Amino acid sequence: LPTLLSVAVDPPPPPPTTTMGCLLALTDDLIADILIRLPSPADLARASASCGPLRRVVTSPRFLRRVRSLHAPPPLGVYVPDAAAGFFPALPPNPAARPARALALAADFSFAFLPAPARAWLVRDRRDGRFLLDRAAPAGSTAFTEVAVCDPLSRRCLLLPPIPDALAASVDNPYLQRGGDDGGLQSRSNEIFLASRGNDDRGEELPFAVIWMACCRGKLVAFSFCSGSREWSALSPPVHHALSMRRVMGVRLGQRNHAHGCFYWMITLTRRWLVLDTRKMEFSILDISPVLAGRSMMFSNQITTLESGEGRTTVVVSDLFRADKRCVLYFYSFMHFSDRWQLLNKITLPEEWGDRFRGIIGAFEGCLYIKLDHPKQNLGDPVEQNVTYFWFDLKTMQVGRFTEISSATVNEAYLYTGFPPSLSLPSV
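Note that the working numbering gives residue 219 to position 201 of the sequence shown, counting from 1, and the numbers run on in steps of one.
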């Protein structure tokens, strides 16, 4: 027996280690610190589909807020309010085609979850996954409409309270901003849009704001609604002759642009910008005539603002009406409104785009998203009457098709940026 006890016995081999076993040995915080280093939201989506522990971490609200603070939401498609389909997803071989298709299947872009009748609601703006819609009030006013903010993915909506009478009393015969003067369902005498406040130091999303504006004779009236307090308050816009120079037609604001929390409008028949800085909730008037000298500016969408690094704003001026029928883009940059704009670059677009270029709807990671109308020689062929959106890489000058809409006319379109449904949080 002593001899037997003295014999060395090898210990039994350990059980085989599995990936699931390793994951179970890690805390959720460690898994999150590993996953947050993945280079793109698409990689995160694939990781979350691999197993339960990863999916639990990736889909937690805390982790998704970290993802949104590190990754800008990529373009997934184009939303066209006038089209029956509404949302047009990115097409293959674009990397966004798969998550865009998942979004199109999961979201309700018909807004059937809004108070009936759904067709009475008009899309006015889109930002950060939220849509802003309004419909004519029972009194028939084209200025004081019913307003809703909704999330088509989670099918949630917030109906805003009406503007209090004490504030509304300052609005006097506002000029029409869209639609005809017949008071139809599409007519509006207000400019209404969403403004995001970003995130706080902990990554928590701050309350969003809704801005309501009306151009009256000699003045601009503006109110702000905060989703946190659920209250309307008055803003103090500037009193300027540029806002009242058209005594017959009234003041009509051009295309709304946005960059770094500031909104910009070309004032009709002027070379001035109306600027709203939502970080301070302050208005100003900016004379931009020096950079537009010598160029024919017939449409407000010939100017587009884009966000650049270090808080700088890039302004793209489209020179369309040239003798050579080419479209030339001029890129300017500034940090503050009072800065002199610096000319960064000048790019001539492909020759075949000269008559088809209809503006820039957005940008992402060095690419412009450009709207091209159908070729003029095919106007008689309904099959060819498509509006195509291309991405245009400013560094490599490469061009690719983003999405296409089978419609002869597209008056308004929004570049939809967002995350796949599996990485999205309710925005309302």
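Even glycine gets a Cβ: it sits at the ideal position worked out from N, Cα and C.
Computed from a predicted structure; not experimentally measured.
Check                                                                                                                                                                   : Outcome
DSSP three-state label for I49, please.                                                                                                                                 : helix
Taking only the alpha-carbon atoms, compute the straight-line gap between S24 and L56 and give it to the nearest angstrom.                                              : Bear in mind that a pLDDT of 42 at S24, under 50, signals an unreliable position, so the number given afterwards is only what the model happens to contain. Their Cα atoms are separated by approximately 54 Å.
Give the DSSP-derived three-state secondary structure of Q320 in the structure shown.                                                                                   : helix
Which whole-angstrom value is the C-beta distance of L123 and L443, which I expect to be below 8 Å?                                                                     : Going by Cβ atoms, the distance from L123 to L443 rounds to 19 Å, so no, they are not a contact pair.
Straight-line CA distance for H278 to R330?                                                                                                                             : 8 Å
Less than 9 Å separating the beta-carbons of A381 and L324?                                                                                                             : yes
Assess contact between the segment 136-153 and the segment 204-211, defined as three or more Cβ pairs (one per stretch) separated by less than 8 Å. Is contact present? : yes
When the Cα atoms are used, what is the spatial distance from S326 to A90?                                                                                              : 13 Å
Helix, strand or coil for D183? Go by DSSP, reduced to three states.                                                                                                    : helix
Looking at D391 and R419, is the spacing between their C-beta atoms short of 9 Å?                                                                                       : no
According to DSSP, is L443 helix, strand or coil?                                                                                                                       : coil
Anyone know if the C-beta pair for A240 and F301 falls short of 9 Å?                                                                                                    : yes
Smallest Cα separation from A60: which of P439, V446 and R358?                                                                                                          : P439
Note down, one range per segment and in chain order, each beta strand (DSSP E) of at least 3 residues found wholly within the segment 125-192.                          : 140-145, 148-153, 164-169 and 174-177
What's the gap between the Cα of H276 and the Cα of M415?                                                                                                               : 25 Å
Taking 9 Å as the cut-off, decide whether the C-beta atoms of L150 and V228 are in contact.                                                                             : yes
Under 8 Å by Cβ, that's how I've got T322 and V346 pegged, so tell me the actual separation to the nearest angstrom.                                                    : With a Cβ gap of about 14 Å, T322 and V346 do not count as contacting.
Counting only beta-carbon atoms, is L53 nearer than 9 Å to chain C?                                                                                                     : No chain C appears in this structure, which consists of one protein chain only.
Below 7 Å CB to CB, which residues in the same chain sit around G384 once its five sequence neighbours on both sides are set aside?                                     : D411, L412 and K413
When DSSP labels each residue in this structure, what does W409 get in the three-state scheme?                                                                          : strand
Determine the burial state of L238: buried for a count of at least 16 other Cβ atoms within 10 Å of its Cβ, exposed for fewer.                                          : buried
Across which residues does DSSP place P334 in a beta bridge pair?                                                                                                       : The question names Pro, but residue 334 in the sequence shown is Val. Beta-bridge pairing links V334 to T322 and F349.
Can you find at least 3 beta carbon pairs, one from the segment 340-359 and one from the segment 66-77, that sit closer than 8 Å?                                       : no
Determine the DSSP secondary structure at R116, reduced to helix, strand or coil.                                                                                       : helix
Considering only the beta carbon of each residue, do E328 and R344 sit closer than 9 Å?                                                                                 : no
DSSP state of S247, grouped into three classes?                                                                                                                         : coil
Secondary structure at S307, three-state DSSP: helix, strand or coil?                                                                                                   : helix
What's the call for S424, buried or exposed, on a 16-neighbour Cβ count within 10 Å?                                                                                    : exposed
List the whole-angstrom C-beta distance separating L441 from L121, where the pair is believed to meet the contact cut-off of C-beta under 8 Å.                          : About 11 Å; that fails the 8 Å criterion.
From the DSSP output, read off the bridge partner residues of P57.                                                                                                      : None, per the DSSP bridge assignment.
Within 10 angstroms of its Cβ, does F339 collect 16 or more other Cβ (buried), or is it exposed?                                                                        : exposed
Run through the DSSP bridge pairs and tell me what W230 is partnered with.                                                                                              : I210 and F241
Smallest Cα separation from F106: which of A118, P133 and C280?                                                                                                         : A118
Cα separation between R265 and D190?                                                                                                                                    : Residue placement at R265 is flagged as unreliable, the pLDDT there being 46, under the threshold of 50; the coordinate-derived value follows with that caveat. For R265 and D190, the distance between alpha carbons rounds to 14 Å.
In this structure, does DSSP put E18 in helix, strand or coil?                                                                                                          : No statement about residue 18 is possible, as the shown extent of the chain runs from 19 to 446 and does not include it.
Closest by CA to T45, which one among V75, S58 and R153?                                                                                                                : V75
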